[in-house]
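Before any comments, here is the structure.
Numbering (full-length UniProt numbering), first residue to last: 1 to 86.
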């Protein structure tokens with residue numbers, strides 16, 4: 001899926017329930033996108049996988065992408081954003 005998600009300094013808890021925020025990488029970004037897809041599935045239970053993907057992409061944005069303006073405009077992926085919906 002062509003969507004960006006946080007992949008550095010991700011806040012989480014360890015196996016003992018203690019907070020840790022030094023997490024990074026796709027191992028932490030992918031579950032965020034999966035969780036967002038699950039929220040959309042809950043809101044739209046009859047939606048197809050393609051419709052759910054489109055909802056994720058429609059609500060993604062560039063607001064949280066920290067790149068200089070020329071590079072930012074060429075970016076083809078958008079950042080996961082659940083502040084608008086679901």
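All C-beta atoms in this analysis are idealised placements derived from N, C-alpha and C, irrespective of residue type, glycine included.
* **Coil, strand or helix - residue 35 by DSSP** => For the purposes of this step, residue 35 is taken as residue 35 along the chain shown, with counting starting at 1. In the structure shown, residue 35 sits in a helix (DSSP, three-state: H, G or I).
* Would you kindly report the start and end of the unbroken beta strand (DSSP E) that includes residue 45? => By one-based count along the chain shown, residue 45 stands at place 45. That residue, residue 45, is in no beta strand (DSSP E); it is neither H nor E in DSSP.
* Beta-bridge partners of residue 4, as assigned by DSSP -> Taking the first residue of the chain shown as position 1, residue 4 is located at position 4. Residue 4 is bridged to 79.
* Asked: Where does residue 59 sit, in a helix, a strand or coil, going by DSSP?
  -> Looking up residue 59 in the chain shown gives position 59. In this structure, residue 59 counts as coil in the three-state DSSP scheme.
* Asked: Is there contact here, the region 19 to 27 with the region 39 to 46, by at least three beta-carbon pairs under 8 Å?
  -> no
* **residue 15 in three-state terms, based on DSSP** => In the chain shown, counting from the first residue as 1, residue 15 sits at position 15. Correct three-state label for residue 15: coil.
* Could you name the residues of the same chain whose beta carbon sits closer than 8 Å to that of residue 12, not counting the 5 residues immediately before and after it, in chain order? => Along the chain shown, one-based indexing puts residue 12 at 12. Within its own chain, the residues whose Cβ lies closer than 8 Å to the Cβ of residue 12, once the five positions on either side in sequence are excluded, are 19, 20, 21, 23, 28, listed in chain order.
* **Nearest candidate by alpha-carbon position, reference residue 9, set 16, 77, 26** => If you number the chain shown from 1, residue 9 lands on position 9. The candidate whose alpha carbon is nearest that of residue 9 is 26.
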